[in-house]
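A quick write-up on the structure given underneath.
In full-length UniProt numbering, the protein residues as written are 1 to 460.
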């Protein structure tokens, strides 16, 4: 009990004694204890609160020295109404023997009903999508479902009876309010609290709600813990999209408008360079919008839009789409692969993903170099690989290569660039097809991107 009080109220001092023997104390002594004629009743004097309890015929003394701040009076009022369950000794009453069996049967039936109800409630709580914790009036956990065990990495036997504050310690709340204040104020002020929590890399929202059982007046807390990681990720993507639209999309449009205004002021002097500038800006605006739309399409892809398609044909079409771009730099596109590899997927988006990889390979390759394209089978997987002889990728950028709006430093310095959505689109398409994507690169020696997709029938 002292452990629960310490976790909940964080007192500056405490004392627990059995009769005249001190069991545990800090900054409090027996000499400070006031007379306590009535067991089970709290007595307060300034910062200190004392109570005498009877347990198994033994008298215990418990004292708390609370912090001298605004919460002290609230806590002391809460203690005053707290029932700690003093033992009451009752004299046995003789009952006629003929009623004993009937009473035993009624108790058995009541116990069975209670057991079934408890089983039903536990089964219901276990299958809820949220984590549930129920505490007693001292903030000690009396029930928790399996989500709590999994999310907090604590075995259930350790959770039951543990102070809720102890379970939460070590996981900082985002608002910065200490856990013991949140839990104790929920109990003492009987007000709900909602707190954001980062737990093992995931985002959670905890709602603390006080409750009181009408039959017994017992107080406690029900804590509902929701995994909001997906919601937070959507919010993050929304913010990124707003930043992208406000900067990357607006910039070329603003430049176009400025150039048009310049031409309006002197329409008789329209030179070829200005027209070319307008074309570059317009193509950049179109490219940004196209990348954004393509990624949105990929994210909405479902298997209802899958059909039988063949990987080698998809790769050949993608190669043909970038041939002109490669010829301008005298780059040789070498395609190796003759086997038909059938997939269950969306050929249009797969082709777009491969075009993105081939376009990047051409863009980052020097003139008169080679790009090797491989299409092959590996067990039940259909594989595609493209290797270039370009500048390669810095190792520090590899972990972020497929993130939205991420651009390599080399592309930032190399003139025209996209929105940083191309590789994010590739990853999204491959994941929707239950495939894998990998990259192997050495700076100044080129890069190799490999796609692995499950075949439509591994036995073919």
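The beta carbon of each residue, even a glycine, is placed where N, CA and C say it ideally should be.
Query: Between which two residues does the alpha helix (DSSP H) harbouring residue 309 extend?; Result: Looking at the DSSP string, residue 309 is not in any alpha helix (DSSP H); the run it does join, the beta strand (DSSP E), is 307-310.
Query: Rounded to the nearest angstrom, what separates residue 76 and residue 27 at their Cα positions?; Result: 19 Å
Query: What residue from 282, 296 and 306 has the CA that sits closest to residue 427's CA?; Result: 296
Query: Should residue 182 be labelled buried (16 or more other beta-carbon atoms within 10 Å of its own) or exposed?; Result: buried
Query: If you draw a straight line from the alpha carbon of residue 165 to that of residue 139, how long is it in whole angstroms?; Result: 8 Å
Query: Reducing DSSP to helix, strand and coil, say where residue 414 ends up.; Result: For residue 414, the predicted structure reports a pLDDT of 47, less than 50, and the residue's modelled location is therefore unreliable. The matter cannot be settled from this model.
Query: Determine the DSSP secondary structure at residue 228, reduced to helix, strand or coil.; Result: coil
Query: Would you please state the rounded distance, in angstroms, between the beta carbons of residue 39 and residue 55? I believe it to be under 8 Å.; Result: About 10 Å; that fails the 8 Å criterion.
Query: If contact is defined by three or more beta carbon pairs under 8 Å, each pair taking one atom from either stretch, is the segment 99-117 in contact with the segment 125-132?; Result: no
Query: Helix, strand or coil: how does DSSP classify residue 83 here?; Result: coil
Query: For residue 442 versus residue 392, is the C-beta spacing smaller than 8 Å?; Result: yes
Query: Assuming residue 204 and residue 227 make a contact with CB atoms under 8 Å, what is their CB distance in whole Å?; Result: 6 Å
Query: Between 185, 230 and 236, which lies nearest to residue 221 when the distance is taken from Cα to Cα?; Result: 185
Query: Would you give the residue range spanned by the beta strand (DSSP E) that residue 134 belongs to?; Result: 131-135
Query: For the beta strand (DSSP E) containing residue 14, name the first residue and the last one.; Result: 13-18
Query: Less than 8 Å separating the beta-carbons of residue 377 and residue 401?; Result: no
Query: In chain order, what residues of the same chain lie with their CB nearer than 7 Å to the CB of residue 189, ignoring the 5 residues before and after it?; Result: 74
Query: Determine, using beta carbons only, whether residue 386 and residue 353 come nearer to each other than 8 Å.; Result: no
Query: Could you give the distance in angstroms between the alpha-carbon of residue 136 and the alpha-carbon of residue 219?; Result: 6 Å
Query: Whose C-alpha, out of 440, 375 and 425, is nearest the C-alpha of residue 453?; Result: 375
Query: Judging by CA-CA distance, which residue of 179, 372 and 42 is the nearest neighbour of residue 8?; Result: 179
Query: Between the Cα of residue 195 and those of 174, 11 and 240, spot the shortest distance and give me the residue it belongs to.; Result: 174
Query: From this set, 199, 144, 240 and 66, which residue's C-alpha is nearest residue 170's C-alpha?; Result: 199
Query: Kindly indicate which residue of 339, 304, 290 and 358 has the alpha-carbon position closest to the one of residue 421.; Result: 290
Query: For residue 178, which three-state DSSP category applies?; Result: coil
Query: How would you label residue 537, buried or exposed, when you count the other beta carbons within 10 angstroms and need 16 or more for buried?; Result: Lying outside 1 to 460, the shown extent of the chain, residue 537 is not represented and no answer is given.
Query: Could you check the C-alpha separation between residue 257 and residue 425 for me, to the nearest Å?; Result: 30 Å
Query: If you reduce the DSSP assignment to three classes, tell me which class residue 456 lands in.; Result: coil
Query: Under 7 Å Cβ to Cβ from residue 93, same chain only, skipping five residues before and after it: list those, please.; Result: Confidence at residue 93 is low in this model, with a pLDDT of 48, below 50, so its placement is unreliable and the value that follows should be read with caution. There are no such residues.
Query: With a threshold of 7 Å on Cβ separation, who are the neighbours of residue 306 within its own chain once the five nearest residues in sequence on each side are excluded?; Result: 344, 345 and 346
Query: Does the separation of the CB atoms of residue 163 and residue 187 fall below 8 Å?; Result: no
Query: Secondary structure at residue 42, three-state DSSP: helix, strand or coil?; Result: coil
Query: Which residue comes first and which comes last in the beta strand (DSSP E) that contains residue 293?; Result: Note, residue 293: premise wrong, no beta strand (DSSP E); alpha helix (DSSP H) at 272-299.
Query: With 16 as the cutoff for other CB atoms within 10 Å, does residue 78 come out buried or exposed?; Result: buried
Query: Please classify residue 383 as buried or exposed, where buried requires at least 16 other C-beta atoms within 10 Å of its C-beta.; Result: buried
Query: In this structure, how does DSSP classify residue 422 when only helix, strand and coil are distinguished?; Result: helix
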